[in-house]
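Accompanying notes for the structure given below.
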Amino acid sequence: MGEYFSWVNIDKREYITPGNFDLGQKLYESANAGNVVLGALYDLLSADWRGDSIVFLGDETDIPGNEMNPVIRRLSDERKDWAESGFIGDYIYEKYKCIDGLYKAAESKVREDICFMIRDRDFGYNIHMVDPEDPFNGLFTREPKFFRYTINHTKKEFFDIEKTALRYTNHDGVLSTRINPLPLLMAYSENHMDDGCGIWIGDSIEVSDDAPSEDYKDMSIVYVFD
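In this text, residue positions in the sequence shown follow our numbering: the first is 122, and each later residue adds one.
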């Protein structure tokens, strides 16, 4: 089946998963520019998740003891108190809150999950952490947002989604639609670290429609992942 990825906020202990937005969850499957889960991510990065530690985390990943990235090390240290075995993704799905239900675009699958819990009177595995007495309160109200510039203040570089020339060729040799490089820049997976992924993990990321100052380097056509 392959490795599935979710957007994880380590500071707020929250995540969003492309599957609930009817998108594939493999590394490239939700990277096409303008897709709804990236719109939800950009909305969060512009508000609730602004300035937080974010990673696009693979669910078949362990964290080696010599991991140097401070954000990933922090996640590893946090997980040590977990009594269960399994990959780091298992820990996230067990202990973090899935907030896909904030978005209208995820309503179908999230509502189905909650209705199953209501029908079975079983909120024991309540990944959305809803109130059993008022389970739909505050859900399905937000829409995705899109911003032209994705800015890395730590590295003083950015990409302009209107200028990215990045393409992805699938296993059949078919050229896909233009992709947004952010999922690859923020991805953490033992299976993909040799592909140049994850080099923005732990950096300060901002999304904006305003270009950064001239001392920031435009990387729009530099980050190419084949």
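For every residue, glycine included, the Cβ atom is placed at its ideal position computed from N, Cα and C.
Any contact between the stretch 163-176 and the stretch 244-255? By contact I mean 3 or more CB pairs, one from each, below 8 Å.
Judged by pairs of C-beta atoms under 8 Å, the stretch 163-176 does not touch the stretch 244-255, as fewer than three such pairs exist.
Would Ser341 and Lys284 be called neighbours here (beta carbons separated by less than 8 Å)?
The sequence position of residue 341 within the sequence shown is 220, counting from 1. The sequence position of residue 284 within the sequence shown is 163, counting from 1. Result yes, Cβ atoms of Ser341 and Lys284 sit closer than 8 Å.
What are the uninterrupted segments assigned as alpha helix (DSSP H) that are 4 or more residues long and contained completely in the stretch 168-203, given in chain order?
For the stretch 168-203, whole alpha helix (DSSP H) runs of length 4 or above, ordered along the chain, are 191-200.
Are the stretch 177-184 and the stretch 261-281 touching by the rule of at least three beta carbon pairs closer than 8 Å?
Taking a cut-off of 8 Å on C-beta distances, the stretch 177-184 does not touch the stretch 261-281, as fewer than three cross pairs fall below it.
Helix, strand or coil for Phe126 per DSSP?
By 1-based counting over the sequence shown, the position of residue 126 is 5. Judged by DSSP in its simplified three-state form, Phe126 adopts strand.
The stretch 230-248 contacting the stretch 203-211, beta-carbon criterion three pairs below 8 Å:
Touching, no, given that fewer than three Cβ pairs across the two stretches are closer than 8 Å.
Less than 6 Å between C-beta atoms, sequence neighbours within five positions excluded: which residues of the same chain meet that for Phe261?
Along the sequence shown, one-based indexing puts residue 261 at 140. Counting only Cβ-Cβ distances below 6 Å, and skipping sequence neighbours, we find Lys225 and Glu228.
Taking the alpha carbon of Lys216 as the reference point, which residue from Ile235, Pro191, Asn247 and Glu327 has its own alpha carbon closest?
The residue labelled residue 216 in the question sits at position 95 within the sequence shown. Looking only at Ile235, Pro191, Asn247 and Glu327, the smallest Cα-Cα distance to Lys216 is reached by Asn247.
Answer with buried or exposed for Asn258, where buried requires no fewer than 16 other C-beta atoms within 10 angstroms of its C-beta.
As a working note, residue 258 is residue 137 in the sequence shown. Exposed, since its Cβ has fewer than 16 Cβ neighbours within 10 Å.
Roughly how many angstroms separate the alpha carbons of Pro304 and Phe244, rounded to a whole number?
Numbered from its first residue, the sequence shown carries residue 304 at position 183. Numbered from its first residue, the sequence shown carries residue 244 at position 123. Straight-line Cα distance between these residues: approximately 32 Å.
Helix or strand or just coil, what does DSSP make of Lys216?
Taking the first residue of the sequence shown as position 1, residue 216 is located at position 95. In the structure shown, Lys216 adopts helical secondary structure according to DSSP, grouped into three states.
Quick check on Arg263: buried or exposed, where buried means 16 or more other Cβ atoms within 10 Å of its Cβ?
One-based indexing of the sequence shown puts residue 263 at position 142. Buried: at least 16 other Cβ atoms inside 10 Å.
Which listed residue (Asn312, Ile322 and Arg299) has its alpha carbon closest to that of Leu306:
For the purposes of this step, residue 306 is identified with residue 185 of the sequence shown, where counting begins at 1. Closest by alpha carbon: Ile322.
Rounding to the nearest angstrom, what Cα-Cα distance links Phe126 and Leu165 in this structure?
Locating residue 126 in the sequence shown gives position 5, counting from the first residue. Locating residue 165 in the sequence shown gives position 44, counting from the first residue. Leu165 has its alpha-carbon roughly 17 Å from the corresponding atom of Phe126.
If you draw a straight line from the C-alpha of Val158 to the C-alpha of His249, how long is it?
The residue you call residue 158 lines up with position 37 of the sequence shown. The residue you call residue 249 lines up with position 128 of the sequence shown. A direct Cα-to-Cα measurement between Val158 and His249 gives close to 17 Å.
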